[in-house]
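Colleague: Below you'll find the structure I mean.
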Amino acid sequence: MPIGLFFNKHESFMEMMLHLNARTTSLLCKILVMLAVTCISTCFIISVEEPLILRPTGQKNTQFGFSLAHFSNKTERWLLVGAPKANTTQVNVTSPGALYSCSIDRKPATCTQLTVDHRNEEDKYKPWITTDHKDYQRLGYAIAADQKHIVSRSG
């Protein structure tokens, strides 16, 4: 089969190769764009019909949602939410910040404040424990988690 059947008589072989490469490049670009759009649209599924709204109960101006981390085990998934200006149940501490665990598998979604510091005023070991200044420490400023551990940083 003569080469002349594949391209116009007036085109050189190099012109034909450049033309094929341009078409091939254009096709590859279109395929890559389609794959990227498909990946983005399936990776970030946002439901407009049934949004999941997370709110802590009873407090305002806590900066709830300042930091987020995903945490899961074999049966349930949670969103860990930082609220650096929240109050806790700790006695004589003002706005230490808080961490919340919000179940994202249940409807309606509920958020529970996590107890980070288990010590209290009646702690029998208090004389040996240094005094902490927890007022305005901004707990929940940053959160990181894997399947076994949760780490939070104060601001």
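Residue numbers for the sequence shown follow the numbering used here, so the first one is 11 and each next one is one higher. A virtual CB, placed ideally from N, CA and C, is assigned to each residue, including glycine.
Measure the alpha-carbon distance for residue 105 versus residue 79 and round it to whole angstroms.
Modeller: Position 95 of the sequence shown holds residue 105. Position 69 of the sequence shown holds residue 79. For residue 105 and residue 79, the distance between alpha carbons rounds to 21 angstroms.
Colleague: By the three-class DSSP mapping on this structure, what secondary structure does residue 62 have?
Modeller: Numbered from its first residue, the sequence shown carries residue 62 at position 52. Coil at residue 62, not helix or strand.
Colleague: Tell me where the beta strand (DSSP E) around residue 105 begins and ends.
Modeller: Counting from 1 along the sequence shown, the entry for residue 105 is found at position 95. Unbroken run through residue 105: none, as it is neither H nor E.
Colleague: Can you look up residue 119 in the DSSP assignment and give me helix, strand or coil?
Modeller: Start at 1 with the first residue of the sequence shown, and residue 119 comes out as number 109. Here residue 119 sits in coil by DSSP.
Colleague: Leaving aside the five residues before and after residue 122 along the sequence, list all residues of the same chain whose C-beta is less than 7 angstroms from its C-beta, in chain order.
Modeller: Against the sequence shown, residue 122 aligns to sequence position 112. Cβ neighbours of residue 122 beyond the five flanking positions: 110 and 111.
Colleague: Taking just the CA atoms, how far does residue 113 sit from residue 61?
Modeller: For this step, residue 61 is matched to residue 51 along the sequence shown. For this step, residue 113 is matched to residue 103 along the sequence shown. Residue 61 and residue 113: Cα-Cα distance of roughly 14 angstroms.
Colleague: For the beta strand (DSSP E) that contains residue 89, what are its first and last residues?
Modeller: Locating residue 89 in the sequence shown gives position 79, where the first residue counts as 1. Segment 87-93, the beta strand (DSSP E) holding residue 89.
Colleague: Can you tell me where the beta strand (DSSP E) holding residue 80 begins and where it ends?
Modeller: The residue labelled residue 80 in the question sits at position 70 within the sequence shown. Taken as a continuous stretch (DSSP letters only), the beta strand (DSSP E) holding residue 80 covers 77-82.
Colleague: Might you give, ordered along the chain, the residues of its own chain that have their beta carbon closer than 6 angstroms to the beta carbon of residue 76, omitting 5 neighbours on each side?
Modeller: Taking the first residue of the sequence shown as position 1, residue 76 is located at position 66. Result list for residue 76: 92 and 94, in chain order.
Colleague: Mind checking which residues open and close the beta strand (DSSP E) that includes residue 151?
Modeller: Against the sequence shown, residue 151 aligns to sequence position 141. Residue 151 -> beta strand (DSSP E) spans 149-155.
Colleague: Would you decide whether residue 108 is buried or exposed? Buried here means 16 or more other CB atoms lie within 10 Å of its CB.
Modeller: Reading the sequence shown from its first residue, position 98 is the one you call residue 108. Looking at its Cβ environment, which holds 16 or more other Cβ atoms inside 10 Å, residue 108 is buried.
Colleague: Could you give the residue range of the beta strand (DSSP E) that holds residue 126?
Modeller: Numbered from its first residue, the sequence shown carries residue 126 at position 116. Where residue 126 is concerned, there is no enclosing beta strand (DSSP E), given that its DSSP letter is neither H nor E.
Colleague: So what does DSSP say about residue 114, is it helix, strand or coil?
Modeller: Taking the sequence shown and counting its residues from 1, one reaches residue 114 at position 104. Three-state result, residue 114: coil.
Colleague: So what does residue 160 bridge to, in DSSP terms?
Modeller: As a working note, residue 160 is residue 150 in the sequence shown. BP columns for residue 160 point to 155.
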